[in-house]
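Working notes for the structure below.
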Amino acid sequence: MNLSSSSVGATQIITVEEARIDAAVAIQFKDRMREVSDGGPARIVLNLRNVDFIDSSGLGAIVAAMKQLEDGRTLDLCALTPNVDKVFRLTRMDTIFGIFDSVDDAVAQSNS
Amino acid sequence: MNLSSSSVGATQIITVEEARIDAAVAIQFKDRMREVSDGGPARIVLNLRNVDFIDSSGLGAIVAAMKQLEDGRTLDLCALTPNVDKVFRLTRMDTIFGIFDSVDDAVAQSNS
Amino acid sequence: MCDSIPRSLLSLSFQSTSDAVRKTLGRIAQAVADAGQNPTATNNIELAMAEALNNVVEHSFRDRENGQILLSIMLLEDSFRISIRHDGTPMPGLRLPAGKPATIGNEIANLPEGGFGWFLIRSLIIDATYSHRENWNELVLRFSRHPAR
Amino acid sequence: MCDSIPRSLLSLSFQSTSDAVRKTLGRIAQAVADAGQNPTATNNIELAMAEALNNVVEHSFRDRENGQILLSIMLLEDSFRISIRHDGTPMPGLRLPAGKPATIGNEIANLPEGGFGWFLIRSLIIDATYSHRENWNELVLRFSRHPAR
Ligand SMILES: Nc1ncnc2c1ncn2[C@@H]1O[C@H](COP(=O)(O)OP(=O)(O)O)[C@@H](O)[C@H]1O
Ligand SMILES: Nc1ncnc2c1ncn2[C@@H]1O[C@H](COP(=O)(O)OP(=O)(O)O)[C@@H](O)[C@H]1O
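Here it is, written out as structure tokens:
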């Protein structure tokens, strides 16, 4: 489970470098998210551009990654591909996360 | 209910020039689609870029617009905004239409 | 902040036309957004309310324009409670429609053009209750609060 | 074209691990796409099958790796019929889970991390049947055909 991380202003962008977030990698994903986000800024944007499949275990792992953040930190999402977007819509989890079209949109939001 | 129409190669692009396709305009939409598509090429792409609200009457009107086409003609969709995309996902109508991110993507498809 | 809860956010009446429904939906969306609902969840409420109110116009008043519809929104701790009242034709069997997903086959000619309303409503609400008393119908829909951050 | 229907598209067995499930899902998606299913509807099948098969690994074999799972796909006129068989722990009450939508409140700390599986499956299938006989469980899911045009 490869994640890469960069910063734009006060926002940490974490990019998933895998095509799938599924049951086979869900626990790893949650653990890697903890490592990568540890000690970072208040706002994290998870870039899902490369992910073309997610199942309910992967969805649960993203929720878990948000829940394990310290108080006052937020996790937004961006660049959902259609298959991933669908899972957030069907489960109504689209009401829980800030969801942006692109990294640029997500970053613009934090400046406004 | 304003629709505009243009052609790219053998594809007719019909753009909805309204922010809503709802119960108040559903019948008008279906009628205008018939007028605008009459005698046109086999493939129509409906550009929904400007639409930020659709309800089940609007969805039904798009389905009706597809059903009223002559045999052999197709209706694809492009540039769905998040609220519109959600309605197609929740009702599973996303399995019925070809759905493209943008006019360019939709046109590229017809050339391939 | 003097956030007393429960609190009335909106209370209005309007005629049974699809144009009046459209205007009312704008006011509903504005009221819940002003109460802190995030944009996605605000659209969910607008969508479910569009389905519920258009049903009243089409089925309870069969597109007669002289019906009156009363609407009120209460803000509760974890939810919005929206009530729709009118004296038009009651729900068939005095019960809420099941809201089964419409069957989508693979024949274009047989695709459903309607019947998605109650399926969408049930997908977007916490719960719904319907009552019919002395010619008055009341439908109450509850929606989760999802604050913008 | 010699499209005889019903026709077997895939028949295989694999071990009860999440890696084997992942590989199997690739073969399922390939088989239904080759049978003409459009990409969105192919992903719907892959998603529902991911939920059903991961449940078997997690609940029926409780992550023991030595279970065997048998899978077959039949192509019918209007549908795909997918059967999953195994001799692990049966469904609680020998019944299909209800698949109610998980309740999403507005407290981040209380958000559900699971329980979406059967809700998603029911959202994506035509129907499901479950049977348990002589230690064998069979779950049959049916999906609509949605041809690419
Ligand atoms: N407010 C209402 N008053 C009377 N009947 C209603 C009302 N709402 C819904 N119904 C009935 O329930 C059925 C299902 O409603 P719905 O799912 O919205 O589908 P549609 O309105 O597209 O037919 C309607 O066809 C109608 O018979
Ligand atoms: N194949 C199975 N064998 C035994 N029990 C199952 C199986 N699938 C589901 N269950 C039971 O049904 C419940 C609901 O399943 P599901 O909706 O997929 O949620 P989750 O697996 O995330 O808990 C599970 O918690 C489990 O108790």
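Top to bottom, those sequences are chains H, R, V and C. Residues in the first sequence are numbered from 33 upward in steps of one, following the working numbering. Residues in the second sequence are numbered from 33 upward in steps of one, following the working numbering. Residues in the third sequence are numbered from 223 upward in steps of one, following the working numbering. Residues in the fourth sequence are numbered from 223 upward in steps of one, following the working numbering. Backbone N, C-alpha and C fix where the C-beta goes; we use that ideal spot for every residue, glycine too.
Does any residue of chain V have a CB that is nearer than 8 Å to the CB of residue i?
i	result
Ala-138 (chain R)	no
Asp-309 (chain C)	no
Phe-85 (chain R)	yes
Ile-128 (chain R)	yes
Ser-69 (chain R)	no
Any heavy atom of ligand 2 closer than 7 Å to the Cβ of residue i?
i	result
Phe-22 (chain H)	Residue 22 (chain H) falls outside the range modelled here, since chain H spans only 33 to 144, and no answer is possible.
Trp-340 (chain C)	yes
Asn-82 (chain R)	no
Met-313 (chain V)	no
Val-243 (chain C)	no
His-354 (chain C)	no
Ser-238 (chain V)	no
Glu-268 (chain C)	no
Glu-360 (chain C)	no
Give a yes or no on whether the minimum CB-CB distance between residue i and chain H is below 8 Å.
i	result
Asn-276 (chain C)	yes
Arg-121 (chain R)	yes
Glu-299 (chain C)	no
His-354 (chain V)	no
Determine whether the Cβ of residue i lies closer than 8 Å to any Cβ atom of chain R.
i	result
His-368 (chain C)	yes
Ala-270 (chain C)	no
Lys-118 (chain H)	yes
Ala-263 (chain C)	yes
Ala-331 (chain V)	yes
In angstroms, rounded to a whole number, what distance separates the CA positions of residue i and residue j?
i	j	result
Val-278 (chain V)	Val-119 (chain R)	21 Å
Gln-100 (chain H)	Thr-262 (chain C)	33 Å
Arg-364 (chain V)	Gly-310 (chain V)	22 Å
Ser-233 (chain C)	Leu-292 (chain C)	8 Å
Asp-117 (chain H)	Phe-129 (chain H)	12 Å
Glu-50 (chain H)	Asn-82 (chain H)	6 Å
Pro-114 (chain R)	Ser-282 (chain C)	38 Å
Lys-245 (chain V)	Ala-111 (chain H)	33 Å
Asn-34 (chain R)	Arg-105 (chain R)	22 Å
Asp-84 (chain R)	Val-48 (chain R)	11 Å
Arg-284 (chain C)	Met-125 (chain H)	27 Å
Val-57 (chain R)	Ser-240 (chain V)	9 Å
Arg-121 (chain R)	Asn-266 (chain C)	11 Å
Ser-39 (chain H)	Ile-45 (chain H)	6 Å
Ser-353 (chain V)	Arg-303 (chain V)	15 Å
Leu-107 (chain R)	Asn-357 (chain C)	50 Å
Asn-79 (chain R)	Arg-286 (chain C)	50 Å
Asp-18 (chain H)	Val-95 (chain H)	The requested residue 18 (chain H) is not part of the displayed model; chain H covers only 33 to 144.
Asp-349 (chain C)	Pro-314 (chain C)	19 Å
Val-135 (chain H)	Glu-67 (chain R)	41 Å
Ser-235 (chain V)	Arg-52 (chain R)	23 Å
Just to confirm, is the Cβ distance from residue i to residue j under 8 Å?
i	j	result
Gly-72 (chain R)	Val-139 (chain R)	no
Val-362 (chain C)	Ser-305 (chain C)	yes
Ser-69 (chain H)	Ile-59 (chain H)	no
His-308 (chain V)	Thr-127 (chain H)	no
Gln-290 (chain V)	Gln-237 (chain V)	yes
Glu-374 (chain C)	Ile-343 (chain C)	This structure cannot settle anything about residue 374 (chain C), because the visible part of chain C is limited to 223 through 371.
Asn-328 (chain V)	Ser-345 (chain C)	no
Pro-312 (chain V)	Asn-276 (chain V)	no
Ile-250 (chain V)	Glu-299 (chain V)	no
Ala-255 (chain V)	Leu-231 (chain V)	no
Phe-61 (chain H)	Ala-93 (chain H)	yes
Ile-347 (chain C)	Pro-334 (chain C)	no
Met-98 (chain H)	Ile-330 (chain C)	yes
Ile-86 (chain H)	Asp-137 (chain H)	no
Could you give the C-beta distance for residue i and residue j, rounded to a whole number, given that I count them as a contact under 8 Å?
i	j	result
Thr-123 (chain R)	Leu-91 (chain R)	6 Å
Ser-88 (chain R)	Gly-336 (chain V)	7 Å
Trp-340 (chain V)	Pro-319 (chain V)	4 Å
Ala-370 (chain V)	Asn-288 (chain V)	The Cβ separation is near 39 Å, so there is no contact.
Arg-229 (chain V)	Leu-297 (chain V)	5 Å
Ligand 1 and residue i: does any heavy atom of the ligand fall closer than 7 Å to the residue's C-beta?
i	result
Asn-277 (chain V)	yes
Pro-323 (chain V)	no
Glu-280 (chain V)	yes
Gly-337 (chain V)	yes
Ser-88 (chain R)	yes
Glu-273 (chain V)	yes
When the cut-off is 8 Å and only beta carbons count, does residue i lie next to chain B?
i	result
Asn-328 (chain V)	The structure shown contains no chain B; its protein chains are H, R, V and C.
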